[in-house]
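Here the sequence shown is numbered in the UniProt record's numbering, starting from 1 and rising by one per residue. We treat Cβ as the ideally placed atom computed from N, Cα and C, and that holds for glycine. These numbers were taken from a predicted model, which means no experiment stands behind them.
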Amino acid sequence: MGRDDLAPHCESGALVLADKQMPDTSETSPAPQTSAETLLKLFETMLRIRRFEETATDLFKKGVIKGTAHSYIGQEAIAAGTCANLTEQDFVGSYHRGHGHCIAKGARVDRMLAELLGKETGYCRGLGGSMHVADLELNILGANGVVGATMPLGAGAALAAQYRKTNAVSIAFFGDGAANQGVFHEALNLAAVWKLPMVFVCENNQYALNTAFHQTTSVPQIAQRASAYGISGITIDGNDAEEVYHVTRAAIEKARSGQGPSLIEAMTWRWGPHSMRANLREPRTEEAMTAWKARDPLIRLQEKMAAARVPSERIEQIKGAVEQEIQAAVAFANQSPEPAITILDTAVYSPHHAHEEPTDKGERQLTYTQALNEALHQEMERDPSVLVLGEDIAETGGIFQATKGLVEKFGPARVRDTPISEATFCGAAVGAAIAGLRPIVEVQIFDFVTQMMDMIVNQAAKFRLMNGGTAKVPLVIRGPQGGGIRLAAQHSQSLEAWFAHIPGLVVVAPATAYDAKGLLTAAIRDDNPVMFLEHKMLYLGEKGPVPVESYAIPIGKADVKRQGNDVTVVATQAMVAKALSAAVVLEDEGISVEVIDPRTIRPLDEETILASVRKTHRLLVVHEACKTGGFAAEVCTRVVEREFRSLRAPVVRVAAYDTPMPFNDKLETAVIPSREAIADAIRALMKA
1 MGRDDLAPHC
11 ESGALVLADK
21 QMPDTSETSP
31 APQTSAETLL
41 KLFETMLRIR
51 RFEETATDLF
61 KKGVIKGTAH
71 SYIGQEAIAA
81 GTCANLTEQD
91 FVGSYHRGHG
101 HCIAKGARVD
111 RMLAELLGKE
121 TGYCRGLGGS
131 MHVADLELNI
141 LGANGVVGAT
151 MPLGAGAALA
161 AQYRKTNAVS
171 IAFFGDGAAN
181 QGVFHEALNL
191 AAVWKLPMVF
201 VCENNQYALN
211 TAFHQTTSVP
221 QIAQRASAYG
231 ISGITIDGND
241 AEEVYHVTRA
251 AIEKARSGQG
261 PSLIEAMTWR
271 WGPHSMRANL
281 REPRTEEAMT
291 AWKARDPLIR
301 LQEKMAAARV
311 PSERIEQIKG
321 AVEQEIQAAV
331 AFANQSPEPA
341 ITILDTAVYS
351 PHHAHEEPTD
361 KGERQLTYTQ
371 ALNEALHQEM
381 ERDPSVLVLG
391 EDIAETGGIF
401 QATKGLVEKF
411 GPARVRDTPI
421 SEATFCGAAV
431 GAAIAGLRPI
441 VEVQIFDFVT
451 QMMDMIVNQA
461 AKFRLMNGGT
471 AKVPLVIRGP
481 QGGGIRLAAQ
491 HSQSLEAWFA
501 HIPGLVVVAP
511 ATAYDAKGLL
521 TAAIRDDNPV
531 MFLEHKMLYL
541 GEKGPVPVES
551 YAIPIGKADV
561 KRQGNDVTVV
571 ATQAMVAKAL
581 SAAVVLEDEG
591 ISVEVIDPRT
601 IRPLDEETIL
611 ASVRKTHRLL
621 VVHEACKTGG
631 FAAEVCTRVV
641 EREFRSLRAP
651 VVRVAAYDTP
661 MPFNDKLETA
671 VIPSREAIAD
681 AIRALMKA
């Protein structure tokens with residue numbers, strides 16, 4: 001069944017599910033010749049994977065490996081055959097059953113095993129474990145505990161390779177269950193539209209945790225789905241290392257030559273349960289288990305080597321060397337130290353860059369949107385690794401015109417209109433950031449970020465820590481949130497508290513044109529994933545002074561917008577202007593109000609707020625988001641914890657009603673905090 005050319009459409013007749021009929025191994029075309037050296041290389045990789053997994057299973061049973069791990073035994077031919085065609089610059093993304101892919105790409109088994117034991121000498125310094133092991137120096141993007149996530153991330157790595165013209169290819173390994181995830185379809189479409197240098201490799205071991213593939217999938221073979229996206233798809237025998245090698249070689253060469261992605265479905269069988277920890281019923285029949293184990297990829301390859309007259313001494317030498325390597329890895333892992341708690345101090349965030357604000361804002365006036373647009377133009381001019389992704393951001397310039405003129409100046413390779421596939425184009429941006437670019441994602445309306453949450457929360461925010469605290473994810477996700485323009489419940493939310501709760505994310509919320517330009521510049525230059533929140537009403541607001549030159553405002557530095565002595569008001573986004581307006585009204589009543597704009601929600605400039613409270617002895621926090629669980633609760637708690645004795649009155653919050661945003665204009669106005677509500681709360685504080 002070997003093929004020297006990737007089929008232009010899905011071919012799946014030669015293989016069927018094991019619980020229906022055994023796979024047919026008949027040849028459909030003459031098999032390409034495979035050298036003895038290639039066969040030996042495949043055998044060595046497969047044996048190394050097999051012995052690693054057998055050793056890991058034994059250590060898990062002894063309680064040395066904690067948590068869980070997912071064995072790759074039975075599927076070794078797929079990783080070995082695919083990765084044998086890769087160069088060091090090529091990318092590999094994996095899933096929870098990822099040990100074999102890492103080893104096949106060149107990862108050391110001693111550091112792999114140390115990671116499984118949670119040791120500091122592991123690839124991720126004991127912070128990632130089995131499901132997250134990676135080595136970015138080898139362009140191994142890592143295993144992933146979220147089903148299907150490797151496909152958008154891999155698309156991002158392929159985008160980075162295409163953009164930089166490095167000739168690299170990205171491989172996304174995934175299981176059959178992931179083919180029913182939305183990101184599978186989104187990623188295939190995105191990769192096809194952009195002709196990304198990518199190969200999707202589905203390891204169809206025919207069962208999810210316990211459910212059979214044919215019970216959950218609408219097509220007989222996953223490769224059939226390739227035709228829906230206009231790309232090549234083929235089903236192959238995943239237990240035949242030689243066939244895997246030649247078919248993936250053709251797909252990789254096709255991707256490398258600029259002809260776009262392919263989908264390869266490799267039929268295989270995992271020998272053990274879903275995971276080492278699983279203690280569930282075994283749904284697979286003894287007959288199917290026996291039949292597939294008889295098709296052991298290692299034994300089949302040894303038969304091919306015997307037919308090719310590969311000297312048995314070479315095979316024995318490899319066996320001996322691999323065994324020594326595994327035993328040395330066990331000793332290395334056992335003797336390695338565990339990480340100290342202090343490792344976490346630097347593992348979550350890359351250090352923020354030091355910036356100095358301009359001493360003079362100048363007299364030139366820009367709108368909030370114009371300031372954002374200027375920051376984008378200046379940063380893209382300064383740094384060619386900056387690119388922008390989003391819906392209708394190119395010729396249209398975005399629905400609020402923040403990206404206007406970018407595509408005319410920088411071209412469609414850097415300013416990319418995306419499909420309406422939020423999860424995948426956000427995931428592609430995460431992958432591109434990991435691969436060295438500085439992508440900016442525009443979310444058309446920030447409520448749509450709910451479609452991106454896995455890529456933001458489970459991927460971007462956690463990637464640095466999962467990879468030992470050394471990785472960088474320089475990514476900005478920006479767009480409009482908040483109400484006030486009658487877009488109703490699904491287009492008007494303020495979600496900053498969600499993101500502030502996630503370690504690994506930076507949350508920025510500028511309230512003026514000056515802050516918008518300086519903070520967006522800082523966000524683009526930062527090496528962390530930044531949630532950059534822009535309020536819709538600020539797009540429509542008055543102009544403000546903005547320097548012509550490029551400048552960056554330090555992330556984590558609040559701004560005292562107005563000095564005062566009687567009450568501290570901490571306000572965010574559109575509430576800053578309302579708080580300042582209330583302060584003017586109250587000044588006529590003899591009340592001196594200090595207004596602080598945090599500017600960044602996380603990290604929070606706690607010291608500026610505390611210093612103000614020590615002076616005024618009263619605190620009011622205002623935001624547009626719903627009160628329950630909002631940002632105000634965090635600020636109030638920190639002040640009470642550290643400056644309770646300074647307070648002369650209870651801390652107070654003014655926020656939106658705990659309700660989705662209504663459409664009716666009078667109700668919308670009533671839900672959102674007003675200048676009058678802020679002023680009344682301050683008056684009440686002064687009487688407390």
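Please list, in chain order, all residues of the same chain as residue i whose beta carbon is under 7 Å from its beta carbon, the five residues on each side excluded.
i: D527; result: S350, K472 and P474
i: P358; result: P547 and Y551
i: L117; result: V64, I65 and A333
i: G482; result: S492, S494, H535, K536, M537, Q573, A574 and E624
i: K119; result: G126, A333, S336, P337 and E338
i: L42; result: A80, G81, A84, A241, Y245 and L301
When DSSP labels each residue in this structure, what does residue i get in the three-state scheme?
i: Q490; result: helix
i: G258; result: coil
i: G629; result: coil
i: M22; result: With a pLDDT of only 40 at M22, under 50, the local geometry of the prediction cannot be trusted, and no value is derived from it.
i: L647; result: coil
i: V154; result: Note that residue 154 is Gly in the sequence shown, not Val. G154: helix per DSSP, three-state reduction.
i: R300; result: helix
i: Y116; result: The question names Tyr, but residue 116 in the sequence shown is Leu. If DSSP states are grouped into helix, strand and coil, L116 belongs with the helices.
i: H274; result: coil
i: H99; result: helix
i: A656; result: strand
i: E634; result: helix
i: E27; result: Any reading at E27 must be qualified, since the residue scores a pLDDT of 44, below 50, and its modelled position is unreliable; the value itself is stated next. In this structure, E27 counts as coil in the three-state DSSP scheme.
i: H70; result: coil
i: V219; result: coil
Please list, in chain order, all residues of the same chain as residue i whose beta carbon is under 6 Å from its beta carbon, the five residues on each side excluded.
i: E115; result: G122, Y123, C124 and V133
i: Y657; result: V671
i: V560; result: I596
i: Q634; result: One detail in the question is off: residue 634 reads as Glu in this sequence, not Gln. Closer than 6 Å at the Cβ level, and outside the excluded window around E634, lies no residue.
i: V169; result: D90, P197, I252, A255 and R256
For residue i, which option in the options has the closest C-alpha, if you only look at C-alpha atoms?
i: N204; options: S612, P220 and I524; result: P220
i: A432; options: D447, F463 and V443; result: F463
i: H271; options: S262, D296 and E265; result: Note on identity: in this sequence residue 271 is Trp, with His being the wrong assignment. Comparing Cα positions, the closest option is D296.
i: A371; options: S550, L127 and Q181; result: S550
i: L301; options: V613, I78, R525 and F52; result: I78
i: G93; options: G81, K62, K119 and N139; result: N139
i: V201; options: H101, K61 and E374; result: H101
i: G98; options: L196, V388, T470 and V147; result: V147
i: N144; options: T166, L136 and F174; result: F174
i: L59; options: L188, V330 and V640; result: V330
i: T512; options: L533, Q493 and W498; result: L533
i: R256; options: F184, A161, D345 and E286; result: A161
i: A340; options: I326, L127, V449 and P598; result: L127
i: L610; options: E624, M455 and R638; result: R638
i: H377; options: E408, I73 and M466; result: E408
i: A655; options: R364, A677 and E44; result: A677
i: S385; options: V569, T470, K165 and D515; result: K165
Who are residue i's beta bridge partners in DSSP?
i: I596; result: V560 and V570
i: I236; result: A266
i: R416; result: L389
i: M198; result: S170
i: E203; result: G175 and A266
i: V507; result: M531 and R602
i: D135; result: I140
i: E442; result: G390 and R478
i: G544; result: L366
i: F52; result: DSSP, once it has assigned bridges, lists no residue as partnering F52.
i: M93; result: The displayed chain sequence assigns Gly, not Met, to residue 93. DSSP, once it has assigned bridges, lists G142 and A172 as partnering G93.
I'd like the list of long-range same chain contacts for residue i, defined as Cβ closer than 8 Å, with 5 residues on each side in sequence excluded.
i: Q21; result: Here Q21 scores only 43 on pLDDT, less than 50, and its place in the model is too uncertain to base an answer on.
i: K254; result: L6, S232, G260 and S262
i: A442; result: Per the sequence presented here, residue 442 reads as Glu, with Ala not at that position. So the qualifying residues of the chain are V388, L389, G390, E391, I393, G398, A402, T403, R478 and G479.
i: C420; result: With the sequence shown as reference, residue 420 is identified as Ile, and Cys is not the correct amino acid for it. Closer than 8 Å at Cβ, skipping near neighbours: E391.
Problem - Sufficient close CB pairs (3 or more, under 8 Å) joining the region 640 to 656 to the region 613 to 620 - result: Contact check between the region 640 to 656 and the region 613 to 620: three or more CB pairs, one atom from each, fall below 8 Å, which counts as touching.
Problem - Validate contact between the region 607 to 616 and the region 551 to 569 using beta carbons, cut 8 Å, 3 pairs - result: Taking 8 Å as the limit for Cβ pairs, the verdict is that the region 551 to 569 does touch the region 607 to 616.
Problem - the region 234 to 249 / the region 69 to 83 touching (three or more Cβ pairs under 8 Å) - result: The answer is yes - the region 69 to 83 touches the region 234 to 249, with three or more Cβ pairs under 8 Å.
Practice task
Determine contact between the region 391 to 399 and the region 591 to 607, defined as no fewer than three beta-carbon pairs at a distance below 8 Å.
Solution key: No, the region 391 to 399 does not touch the region 591 to 607.
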